[in-house]
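Before any comments, here is the structure.
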Amino acid sequence: MEHAIQASPAASPADGGTTEATVALLREVGSPLVLEQVELSAPGEGEILVRMRGVGICHTDISAANGVVPIPLPAVLGHEGAGVVEALGPGVEGIAVGDHVALSFDHCRECPQCEHGHPAYCELFGPLNYFGTRLDGSVTMRQGESEVHGSWFGQSSFATHAIASAHNAVKVPRDLPLELLGPLGCGLQTGAGSVLNVLGAQAGEGIIVFGLGAVGLGALMAAKAVGCDPIIAVDLNPARLELATELGATEVINPGETHDLLWRVQELAAPGLHYSFDAVGTGAVVRQALESLRSPGHCVTVGFQGLEHEITIDQGHLLLGRRLSGVIEGDADPQSFIPEMIRLHREGRFPFDRLIQKFPFAEINAAIAASESGEVIKPVVVFD
Amino acid sequence: MPFFASSDEVYKYIGGVFRAAAEHPEVGPKLAAANLTMQVYYSDPETAVTIRFYEPKLTVEDGGDDQDADVKLFMPADIADKYWRGEYNLAVGLAKGQVKAKGPVNKILKLVPLTKPLFPMYRELVSEKDAAAA
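Sequence lines, in order, name chains A and B.
When the first sequence is numbered by my numbering, its final residue is 503 and no position is left out of the sequence of numbers.
When the second sequence is numbered by my numbering, its final residue is 135 and no position is left out of the sequence of numbers.
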């Protein structure tokens, strides 16, 4: 069925009117997204209306579509949006209509973690980002009398228009290709933030990166930007290893072609690396990432394999000053970190655009399939 | 002053809404498929209810105390009342520690959206008590 992709204000959102938008709706777990019309509410307190220009496909969207995250259905996913601000709700400061913004995760800005610069660990992170409603239980979208769940990462940006949290919106320069900037708000931030904010990697220190999707390659580019050496990249996909080399990996390892990965690490970087980064999350890979470390050393794991996911590690190996940290969103404050990634990009040291392939909105399911198959590193859906 | 005056009132209204859920043609089978035991402890009044989400139909044990339940929750009974009226965000309560939890709470949060159709039934259930309190 053909769907006209459109967004037409039924009344001025600033006057409390609704906005019609086309969204990619998840009606049932595991089913393809369907383009349908919804009515967006006017932006509420602390919210903005954003006309989307582009939105990245992230592993977390795919996990949610497969039922791993308890978002109520029907729902609109999408959390790497970038677009133009069209209307402001009450109480919004520092953002104006017409601003270009990249959207990241929502956070309260009031709890101790937010106040101390760690909004990724906001005490309301779950309710603000995962459960499909505002904190008061209301929804941002409807189809007639039926509720449509949004507020996914404070945005639900698989849509021509989205109601987003203003906390979530980071102003970006107008000379950049806006449609490509959404992935800075999650995947790239997760990788680069882990290296720069959590590991604090420095020039001359060694790092090994497991899993070369957008997150892993974000970590790799950040490690290269600060001068890490060696940088070892690990993935089963030869094309990813080739790209990793172009982006700064000094060594690559294909576990499918390597009998003993940890022995190979020792051959390349005895007595081990200062840092390791796991973007896979399986027990075997987390263990390899830990056992690639020298002493002391620090491993970050960001790969998501489910909210309950037991693994086994060697505590004796950990004892000798090695650390294992779970990290989300690169422990970054998007308001400062997205501009930092843009600065590195302008200097040619964070060429994230090389990971992106654009898809029209009408082909969003093909974009998701391309991400799942590994054919495309970072599909970005773009809007007319 | 707490909304529920006694354990019996908690059993009647909170236990009652779970029993109604068991009989609900749409919600009942979905809840029964969760395949877990949930132990809820309440304060004000101090009491407890065990809900066993297993096919073919969930069961409710008023005053139950299954210490090996898969999920344990603790909350003031007033919060349970607000939740079933559709006026309380359980995810926020858990995040802020107003509701204490142990076990795979994610599995309980997955059930939350299913309970929405029961809110009008609960409000109907407590309407006589609301009227008496007015």
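A virtual CB, placed ideally from N, CA and C, is assigned to each residue, including glycine.
Small disclaimer: the values here were computed from a predicted structure and weren't measured.
Exposed unless 16 or more other CB atoms sit within 10 angstroms - verdict on residue i
i                : result
Ala34 (chain B)  : exposed
Pro357 (chain A) : exposed
Glu121 (chain A) : Annotation note: pLDDT 36 at Glu121 (chain A) (below 50); position unreliable, no value reported.
Ile15 (chain B)  : buried
Leu355 (chain A) : exposed
Asp218 (chain A) : buried
Leu409 (chain A) : buried
Ile430 (chain A) : exposed
Val267 (chain A) : buried
His378 (chain A) : exposed
Pro121 (chain B) : exposed
Glu166 (chain A) : buried
Pro390 (chain A) : exposed
Val371 (chain A) : buried
Phe274 (chain A) : The displayed chain sequence assigns Gln, not Phe, to residue 274 (chain A). Buried, by the Cβ-count rule.
Arg462 (chain A) : exposed
Val106 (chain B) : buried
Asp69 (chain B)  : exposed
Asp131 (chain B) : exposed
Whether residue i touches residue j by CB criterion (8 Å)
i                : j                : result
Ala21 (chain B)  : Leu119 (chain B) : yes
Gly269 (chain A) : Val195 (chain A) : yes
Phe471 (chain A) : Leu307 (chain A) : yes
Ile496 (chain A) : Leu336 (chain A) : yes
Ala78 (chain B)  : Val18 (chain B)  : no
Gly163 (chain A) : Arg253 (chain A) : yes
Ser411 (chain A) : Leu392 (chain A) : yes
Ala285 (chain A) : Val211 (chain A) : yes
Cys418 (chain A) : Arg442 (chain A) : yes
Leu115 (chain B) : Val28 (chain B)  : yes
Ala96 (chain B)  : Leu243 (chain A) : yes
Ile282 (chain A) : Leu144 (chain A) : no
Tyr249 (chain A) : Val188 (chain A) : yes
Ile350 (chain A) : Ser395 (chain A) : no
Met76 (chain B)  : Tyr123 (chain B) : no
Glu481 (chain A) : Leu192 (chain A) : Before going on, a small fix: residue 481 (chain A) reads as Ala here, not Glu. Contact flag unset, no.
Gly319 (chain A) : Cys347 (chain A) : no
Gly256 (chain A) : Ile190 (chain A) : no
Beta-carbon contacts of residue i that lie in its chain and below 7 Å, excluding the five residues immediately before and after
i                : result
Glu491 (chain A) : Ile181
Asn484 (chain A) : Pro151, Leu152
Ile80 (chain B)  : Tyr89, Gly94, Gln99, Val100
Pro128 (chain A) : Confidence at Pro128 (chain A) is low in this model, with a pLDDT of 46, below 50, so its placement is unreliable and the value that follows should be read with caution. Gly136, Thr138.
Arg94 (chain A)  : The requested residue 94 (chain A) is not part of the displayed model; chain A covers only 120 to 503.
Leu474 (chain A) : Ala333, Leu336, Ile496, Lys497
Ser414 (chain A) : Leu439, Gly440, Arg441
Tyr84 (chain B)  : Leu91
Nearest-angstrom Cβ-Cβ length linking residue i and residue j, presumed shorter than 8 Å
i                : j                : result
Lys103 (chain B) : Lys73 (chain B)  : 5 Å
Ala398 (chain A) : Val334 (chain A) : 4 Å
Val220 (chain A) : Ala288 (chain A) : 4 Å
Val152 (chain A) : Phe277 (chain A) : For clarity, residue 152 (chain A) is Leu in the given sequence; the question names Val instead. Sure, about 7 Å apart at Cβ, within 8 Å.
Ile457 (chain A) : Gly304 (chain A) : 7 Å
Leu331 (chain A) : Ala352 (chain A) : 6 Å
Val405 (chain A) : Val317 (chain A) : Not confirmed; about 16 Å, so no contact.
Pro238 (chain A) : Asp452 (chain A) : 6 Å
Val157 (chain A) : Gln321 (chain A) : The Cβ separation is near 48 Å, so there is no contact.
Gly186 (chain A) : Gly149 (chain A) : 7 Å
Thr259 (chain A) : Gly449 (chain A) : In fact, because the Cβ distance is near 26 Å, the residues do not count as touching under 8 Å.
Ala311 (chain A) : Met460 (chain A) : 6 Å
Cut-off 6 Å between Cβ atoms - residues of its own chain near residue i, not counting five sequence neighbours on either side
i                : result
Asp82 (chain B)  : Phe4
Val291 (chain A) : His219, Ala221, Leu300
Thr51 (chain B)  : Gln40, Glu62, Gly65, Asp67
Ala184 (chain A) : Leu145
Gly87 (chain B)  : Phe120
Ala207 (chain A) : The question names Ala, but residue 207 (chain A) is Leu in the sequence shown. Hits under 6 Å: Ile167.
Thr48 (chain B)  : Ser8, Val11
Glu56 (chain B)  : Ala33
Ser223 (chain A) : Asn287, Gly304, Pro453
Asp45 (chain B)  : Pro3, Pro77, Ala78
Neighbourhood of residue i by C-beta, 8 Å cutoff - its chain only, sequence neighbours within 5 removed
i                : result
Ala126 (chain A) : Caution applies to Ala126 (chain A), whose pLDDT of 45 falls short of 50 and renders its modelled position unreliable; the value that the coordinates give is listed next. Cβ neighbours of Ala126 (chain A) beyond the five flanking positions: Thr138, Glu139, Ala140, Thr141, Arg170, Thr279, His280.
Lys117 (chain B) : Gly87
Phe54 (chain B)  : Leu32, Ala33, Ala34, Ala35, Asn36, Leu37, Thr38, Met39, Leu112
Heavy atom of the ligand ZN within 7 Å of residue i beta-carbon
i                : result
Glu155 (chain A) : This structure lacks the ligand ZN, and indeed carries no ligand of any kind.
Whether or not the region 171-187 of chain A and the region 196-203 of chain A are in contact is what I'm after, with contact meaning three or more pairs of Cβ atoms, one per stretch, closer than 8 Å; do they touch? The region 196-203 of chain A vs the region 171-187 of chain A: in contact.
Determine, using beta-carbon pairs with one atom in the region 414-427 of chain A and one in the region 341-354 of chain A, whether at least three such pairs fall under 8 Å. At 8 Å Cβ cutoff, the stretches do not touch.
Evaluate contact between the region 290-301 of chain A and the region 437-446 of chain A, counting only Cβ atoms and requiring at least three cross-stretch pairs below 8 Å. Cβ pair count under 8 Å is below three, so no.
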